[in-house]
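Enquirer: Sequences listed follow chains A and B, in order. My numbering runs 23 ahead of the 1-based position in the first sequence. My numbering runs 97 ahead of the 1-based position in the second sequence. Mind looking over this structure? Questions follow.
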Amino acid sequence: GKKQYDREFLLDIQFMPACI
Amino acid sequence: ELLQAEVLGKHPLQNRWALWFFKNDKSKMWQANLRLVTKFSTVEDFWALYSHIQLASKLAAGCDYSLFKDGIEPMWEDNQNKRGGRWLITLARQQRHTELDRFWLDTLLCLIGEMFDEYSDEVCGAVINIRTKGDKIAIWTREAENREGVTHIGRVYKEHLGLSQKVAIGYQAHADTATKSGCLGKTKFVL
């Protein structure tokens, strides 16, 4: 149940509108 | 908080994290120079923060960024840090312009992504020190005697940074660093 995210996923959403 | 994140379409993190900034003003006490910037608990809020703050390589010498789990202060004396230690990466001066920002971002991603698997709970936070004599990045863990946890974290961290087998990183217990004389710190583990 731990929320884990890998590097590629985190980098992929860096410039999504919700992140800016 | 989890429901709010999901309603907003954001990706919740396992932990809430606090970003701290330290600027070395010699006219003030050390603790007065340490400021909490903000806290966040979603991936989107992490990126919104990251894109609004200065890159580490552009900070003045003597400055630090720290990212710690909410409730843990970025100092040895904190109850959750005092029995722990840190995996320390020391950079050469020229690496400030080539690898520092990438190393620091990868460090942050390891933390918020809980990339240390079952030992992620051992992680307290990370610190980057910008210094004239050489910058340093470290991941702090809560229990220096937990060999299995500490070495797993170090192994995963080294892999994520892409450091070659020829580059050694060392783990120092805070208790040893606090009592060291000169610049020689006692290294408990090496990878």
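Beta carbons are placed, not taken as given, at the ideal position from N, Cα and C, and that holds for glycine.
#1: For the putative contact between B:A235 and B:D198, defined by C-beta atoms under 8 Å, what is the C-beta separation to the nearest angstrom?
#2: Report the start-end ranges of each beta strand (DSSP E) in the segment 215 to 239 of chain B that is 3 residues or longer and not cut off at the edges.
#3: At a cut of 8 Å, does the segment 180 to 192 of chain B reach the segment 252 to 270 of chain B through at least three beta carbon pairs?
#4: According to DSSP, simplified to helix, strand and coil, what is B:Y162?
#5: Is B:T187 helix, strand or coil when you go by DSSP?
#6: So B:A223 packs on B:L164, CB below 8 Å; how close in whole Å?
#7: Give me the Cα-Cα distance between B:Q177 and B:W114, rounded to the nearest whole angstrom.
#8: Is it true that the segment 140 to 152 of chain B meets the segment 119 to 128 of chain B, where meeting means three or more beta-carbon pairs spaced less than 8 Å apart?
#9: Please report the residue range of the beta strand (DSSP E) in which B:T135 lies.
#10: Which residue from B:G181, B:D175, B:L260, B:G168 puts its Cα closest to that of B:D203?
#11: Measure the beta-carbon distance from B:R180 to B:E245 and round it to whole angstroms, keeping in mind my assumption that it falls under 8 Å.
#12: Run through DSSP, which three-state label would B:W127 get?
#13: How many whole angstroms separate the CB atoms of B:I227 and B:A158, which I take to be in contact at a CB cut-off of 8 Å?
#14: Taking the straight line between their C-alpha atoms, what separation do you get for B:N112 and B:M172?
#15: Quick check on A:F38: buried or exposed, where buried means 16 or more other Cβ atoms within 10 Å of its Cβ?
#16: Does any CB atom of chain A fall closer than 8 Å to the CB of B:L70?
Expert: Put simply:
#1: Against the second sequence, residue 235 of chain B aligns to sequence position 138. Against the second sequence, residue 198 of chain B aligns to sequence position 101. Your pair B:A235 and B:D198 does not check out as a contact, with CB atoms roughly 16 Å apart and the cut at 8 Å.
#2: The beta strand (DSSP E) runs lying completely inside the segment 215 to 239 of chain B and spanning 3 residues or more are 220 to 226, 233 to 238, given in chain order.
#3: With the cut-off at 8 Å, the segment 180 to 192 of chain B and the segment 252 to 270 of chain B touch.
#4: Walking along the second sequence from the start, residue 162 of chain B turns up at place 65. For B:Y162, the secondary structure class from DSSP, reduced to helix, strand or coil, is strand.
#5: Start at 1 with the first residue of the second sequence, and residue 187 of chain B comes out as number 90. In the structure shown, B:T187 falls within a strand segment according to DSSP collapsed to helix, strand and coil.
#6: Here residue 223 of chain B refers to the residue found at position 126 when the second sequence is read from its first residue. Here residue 164 of chain B refers to the residue found at position 67 when the second sequence is read from its first residue. The beta-carbon separation of B:A223 and B:L164, rounded to 5 Å, stays under the 8 Å limit for a contact.
#7: Residue numbering aside, residue 177 of chain B sits at position 80 when the second sequence is read from its first letter. Residue numbering aside, residue 114 of chain B sits at position 17 when the second sequence is read from its first letter. Linking B:Q177 to B:W114 through their CA atoms gives a straight-line distance of about 15 Å.
#8: Too few Cβ pairs lie closer than 8 Å, so no.
#9: Within the second sequence, numbered from 1, the residue matching residue 135 of chain B stands at position 38. That run of the beta strand (DSSP E) goes 131 to 139.
#10: For the purposes of this step, residue 203 of chain B is identified with residue 106 of the second sequence, where counting begins at 1. Measuring from the Cα of B:D203, the nearest candidate turns out to be B:L260.
#11: Position 83 of the second sequence, counted from the first residue, corresponds to residue 180 of chain B. Position 148 of the second sequence, counted from the first residue, corresponds to residue 245 of chain B. Contact between B:R180 and B:E245 fails: their C-beta atoms lie close to 16 Å from each other, not under 8 Å.
#12: Working through the second sequence from its first residue, we reach residue 127 of chain B at position 30. If DSSP states are grouped into helix, strand and coil, B:W127 belongs with the helices.
#13: On the second sequence, residue 227 of chain B is found 130 positions in, with the first residue counted as 1. On the second sequence, residue 158 of chain B is found 61 positions in, with the first residue counted as 1. Under the criterion of beta carbons closer than 8 Å, B:I227 and B:A158 qualify as touching, at roughly 6 Å.
#14: Taking the second sequence and counting its residues from 1, one reaches residue 112 of chain B at position 15. Taking the second sequence and counting its residues from 1, one reaches residue 172 of chain B at position 75. Going from the Cα of B:N112 to the Cα of B:M172 covers about 19 Å.
#15: The residue you call residue 38 of chain A lines up with position 15 of the first sequence. Exposed is the call here.
#16: An answer regarding residue 70 of chain B cannot be provided, because it is not within the stretch 98 to 288 covered by chain B.
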